[in-house]
């Protein structure tokens, strides 16, 4: 959100007013205490960007910022920062949001007794809608609340972010996803980073009122133009299909949670395939094109809930292999789900029959893959959330208990990597996936 575009009015030091309006944006639970956290140390505000300050480049997983909470009144500098927040006030009023925005502003004025006008309160509310962030613990999808944080709001967007924001207890942390050079702008992703460009651009336009032209968006959009021979109507049809398939997946998840045995998963997969074939006849829809990888991963989870370990493993491996964005919290969750499904192969008597399949893994190869994936999960969680995060500590305990007494060589020791890569290629071949879709680094 470019601070140069921000409105210059609509903010106030009235804590009760801010608390009330923050409460109106809550996704789950009561309104959180107003958070006033400011960047210290390695990050500074430079013009329209937040940039890395330290001389040496950061390494993935390191904190790029230090956070501290201020008490008391806002300083003049803090007020200027607040006034820089983009509200998209006029844009929101031109849509169907106008009525609800005015209602909330009137209720806030009546509740708090502030002297601010309805228009100023409306601008404040729109700024919070634009800039607030969801609060949830690492590894958890449940949203605990929302918070307004000025430095995070001033951080610009990229669909190839180099940092992410996470909450650990009462701390808001910013962590690097890759090496960052001194002076390089820190960029976060405002939307679901795993989505395709067509869905990302639509959501960014709807919620943040801008057209993303980052390198990843341009690269992926060129791919769509090639596949459709520059027919923009066909490109739009693909986007509509993506939205329809995503809705199909989300509806299926809700249904299986309420009635685990009432949803025919074969029909779900067939319906998904029918949708993509309508958009790209003759199976030209790439397996890596969103949301097909998501469909495979969610089918894996649903088969797992049904107790079908083998089908769950096949779908989960395909979904992970075809996922392009193998980075950050989303990839941690994908690996976690896959390893839970692999556990079912061991504990479900019916699933253990898969070891009779000559194309499947031997017992030793299975454990090599299991241990390698678990080690990768641990490293990814450490880089993403930090070694001190409660989620990472739980993964570390799981890893230590699993590897206790295991046959050597173990992950991270000489001799394991070659064994793991052989077994990894074999399990990909078992589900019919080329190794090019999922090459493993050192484990």
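Residue numbers (the numbering used here): 628 to 1070.
All residues carry an ideal CB built from backbone N, CA and C; glycine is no exception.
Computed from a predicted model, the values in this text were never measured in an experiment.
Task: Contact belief for residue 923 with residue 945 at Cβ below 8 Å, rounded distance in angstroms - done: 4 Å
Open item on the list: Between residue 869 and residue 917, how many whole angstroms is the CB-CB distance? I'm expecting something under 8 Å.
Closed with: 6 Å
Open item on the list: I'd like the ranges of any alpha helix (DSSP H) spanning at least 4 consecutive residues and lying wholly in the region 972-1027.
Closed with: 990-1012
- [ ] Measure the alpha-carbon distance for residue 731 versus residue 813 and round it to whole angstroms.
- [x] 34 Å
Task: C-beta contact flag for residue 959 and residue 1011 at 8 Å - done: yes
TODO: Classify residue 714 as buried or exposed, calling it buried when 16 or more other Cβ atoms lie within 10 Å of its own Cβ.
DONE: buried
- [ ] Find the nearest neighbour of residue 914 within the set 929, 949, 891 and 1018, judged by alpha-carbon distance.
- [x] With distances taken between Cα atoms, residue 914 lies closest to 949.
TODO: Would you list, in sequence order, the uninterrupted alpha helix (DSSP H) runs of no fewer than 4 residues that lie entirely inside the region 1022-1062?
DONE: Listed in chain order, they are 1043-1057.
- [ ] For the region 890-959, list the alpha helix (DSSP H) runs that are entirely contained and at least 4 residues long, ordered along the chain.
- [x] 892-906, 919-933 and 936-949
- [ ] Would you check if the region 777-784 and the region 804-811 touch, i.e. whether three or more CB-CB distances between them fall below 8 Å?
- [x] no
TODO: To the nearest angstrom, report how far apart residue 897 and residue 921 are at their CA atoms.
DONE: Rounded to the nearest angstrom, the two C-alpha atoms are 15 Å apart.
TODO: Report buried or exposed for residue 842, applying the criterion of at least 16 other Cβ atoms within 10 angstroms of its Cβ.
DONE: exposed
Open item on the list: Quick check: residue 996 and residue 937, are their CB atoms within less than 8 Å of each other?
Closed with: Going by C-beta atoms, residue 996 is not nearer than 8 Å to residue 937.
TODO: Tell me whether residue 869 sits in a helix, a strand or coil according to DSSP, three-state version.
DONE: helix
TODO: Using DSSP bridges, identify the partner residues of residue 760.
DONE: Per DSSP, 774.
TODO: Go ahead and label residue 1063 buried or exposed: buried means 16 or more other beta carbons lie within 10 angstroms of its beta carbon, across all protein chains shown.
DONE: exposed
- [ ] For the beta strand (DSSP E) holding residue 804, just list the boundary residues, first then last.
- [x] Taken as a continuous stretch (DSSP letters only), residue 804 belongs to no beta strand (DSSP E), as it is neither H nor E.
- [ ] Could you tell me whether the Cβ atoms of residue 785 and residue 753 are closer together than 8 Å?
- [x] no
Task: Environment of residue 983 [buried if 16+ CB atoms lie within 10 Å] - done: exposed
Task: residue 931 versus residue 740 - alpha carbon distance - done: 54 Å
TODO: Compute the beta-carbon to beta-carbon distance between residue 998 and residue 1038, rounded to the nearest angstrom, for a pair I have assumed lies under 8 Å.
DONE: 5 Å
- [ ] Could you say if the region 1022-1029 and the region 999-1009 meet the contact criterion of at least three C-beta pairs nearer than 8 Å?
- [x] yes
Task: Among 847, 859, 864 and 926, nearest to residue 884 - alpha-carbon criterion - done: Per the C-alpha coordinates, the member of 847, 859, 864 and 926 positioned closest to residue 884 is 926.
Open item on the list: Using DSSP's beta-bridge definition, name the partner residues of residue 818.
Closed with: Note: residue 818 sits in no beta bridge, so no partner.
Task: Inter-residue spacing [alpha-carbon to alpha-carbon] between residue 855 and residue 1008 - done: 38 Å
Open item on the list: DSSP three-state label for residue 856, please.
Closed with: coil
- [ ] With distances taken Cα to Cα, identify the nearest neighbour of residue 862 among 880, 825 and 947.
- [x] 825
- [ ] Give me the Cα-Cα distance between residue 928 and residue 747, rounded to the nearest whole angstrom.
- [x] 47 Å
Task: Contact check, residue 729 vs residue 744, beta carbons under 8 Å - done: no
TODO: Could you work out which residue in 851, 972, 1057 and 1068 is closest to residue 1045 when comparing CA atoms only?
DONE: 1068
- [ ] Helix, strand or coil for residue 1085, going by three-state DSSP, please let me know.
- [x] There is simply no residue 1085 to check, as the chain begins at 628 and stops at 1070 in what is shown.
Open item on the list: Here's a check: name, in chain order, each residue in its chain whose Cβ is nearer than 7 Å to the Cβ of residue 876, leaving out the five neighbours to either side.
Closed with: 918, 921, 922 and 925
TODO: Measure the alpha-carbon distance for residue 981 versus residue 837 and round it to whole angstroms.
DONE: 50 Å
- [ ] Would you mind stating whether residue 872 and residue 902 have Cβ atoms separated by less than 8 Å?
- [x] yes
Task: residue 792 beta carbon less than 8 Å from that of residue 1071 - done: Nothing can be reported for residue 1071: it is not among the residues displayed for the chain, which extend from 628 to 1070.
TODO: Between the Cα of residue 819 and those of 809, 810, 970 and 830, spot the shortest distance and give me the residue it belongs to.
DONE: 830
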